[in-house]
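J.: Below you will find the structure I want to go over with you.
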Ligand code: SF4
Ligand code: SF4
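Numbering (our numbering), first residue to last: 58 to 345.
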C-alpha cells in the first residue's frame, strides 16, 4: 500500500506521525519506503537520521535556441501553452520559470534550432535508516516549482518494479498542487489534524482534495488531542471519516519531539497502535 500522510496546514505533527509510522512498521518487520515529499522544507531526516548513499540533481529540460539556425518563424511561441517562450523581432526569449519541460517547442521547430538543456531545480537523495529505505527531495532556494521535483522523486523511488513495498509519502503542508502531486497514485490518505477551529477548517479543505477530487479513502489522526473543541470529532462522524489515532497534548511528548525523538521512542506503546492503524487503512484501501 502507498499511504500519503498530509495535513491541511503546517505544524500539525504530520512528519511526527509519518516517521513514527515508518519506525513502527520497521520494528514489526515490515520496513517501508519513506519518501519525504515536502521538498520545500524536508525535515523527516532530522528524526530518521538516514545514511545518504546517493544524490542526484533534478530539474526540467528547458529549450535553448541556436540563433544561427533560427528564422524567427514564431512557431515555438505559438505552440507553448505556458507562454514560456516569446519571439520578438529576431529574438527568441525563453522564461525558464514558466517552462514545464514538455519538449513541444523542440519537436515543432521547423529548423531544428532548439535543443534541450537541464535547468537544475533541486536535489534528490536516497539513503537507509535502519531497515527503512529513505528518499527525499529538496528544491533549490528561489525555485518556485515543487511539483516537478516531487514527480521525479516518486519516479525514482517507485519504479514500476518496486512492487508491493509499503510506501509512506510525507506530503507538504497545505492542499495545493504539490500535495496533489504527492497524493496522486497513492492508495489512501491519512490526514493529521488538531482539534481546533483552524484545524477543522484545513481538514475540510484536505478532505475535499483527497477524497472528493482524487477519490481516495481517507482516515484521520488527531494530534494534540484535548487542546481545543469537539468540532473535528463532529465533522469526522458526520463525514464517516474514521479517527484511527489520538495523540494527546502532553509536555513530555512535545519536549521529546522538539529534541528530535520519534513518538515511539518517547511512548513505545504507540508502536503497536501505528501498526494497527496501518492495517486498518490497508483494509480501507483494499475494501477488505
Ligand atoms: S520555432 Fe525554431 S525557428 Fe521558429 S522561432 Fe522558434 S526557435 Fe526559431
Ligand atoms: S518545453 Fe514546453 S513549456 Fe517549455 S518552452 Fe517549450 S513548449 Fe513551452
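Idealized CB from N, CA, C, for every residue including glycine.
Within this structure, are the beta carbons of residue 196 and residue 179 separated by less than 7 Å?
T.: Going by C-beta atoms, residue 196 is nearer than 7 Å to residue 179.
J.: Residue 66 by DSSP, collapsed to three states: which one?
T.: coil
J.: Below 8 Å on the Cβ atoms is my contact criterion, and I expect residue 324 with residue 310 to pass it. Report the Cβ-Cβ distance as a whole number of Å.
T.: In this structure residue 324 touches residue 310 by the C-beta definition: roughly 7 Å separates them, less than 8 Å.
J.: What first and last residue would you give for the beta strand (DSSP E) that runs through residue 174?
T.: Segment 171-186, the beta strand (DSSP E) holding residue 174.
J.: Quick check on residue 288: does DSSP put it in helix, strand or coil?
T.: helix
J.: Is any non-hydrogen atom of ligand 1 found closer than 6 Å to the C-beta of residue 132, if you look at the structure I gave you?
T.: Yes.
J.: Would residue 95 be called buried (16 or more neighbouring beta carbons within 10 Å of its own) or exposed?
T.: buried
J.: From which residue to which residue does the alpha helix (DSSP H) around residue 341 run?
T.: 327-343
J.: Does DSSP classify residue 194 as helix, strand or coil?
T.: strand
J.: How big is the Cα-Cα spacing for residue 146 and residue 129?
T.: 7 Å
J.: With C-beta atoms as the reference, is residue 88 less than 7 Å away from residue 189?
T.: yes
J.: Kindly indicate which residue of 90, 306 and 150 has the alpha-carbon position closest to the one of residue 182.
T.: Closest by alpha carbon: 90.
J.: Cβ of residue 171 versus every heavy atom of ligand 1: is any distance shorter than 6 Å?
T.: yes
J.: Measuring straight from C-alpha to C-alpha, what distance separates residue 229 and residue 112?
T.: 21 Å
J.: With C-beta atoms as the reference, is residue 302 less than 7 Å away from residue 278?
T.: With a cutoff of 7 Å on beta-carbon distance, residue 302 and residue 278 are scored as near each other.
J.: In three-state DSSP terms, what is residue 247?
T.: strand
J.: Using 8 Å as the cut-off, can you tell me whether the stretch 74-89 makes contact with the stretch 158-174, which would need three or more C-beta pairs spanning the two stretches below that distance?
T.: Touching, no, given that fewer than three Cβ pairs across the two stretches are closer than 8 Å.
J.: Spell out the partners DSSP gives residue 116 in its beta bridges.
T.: 177
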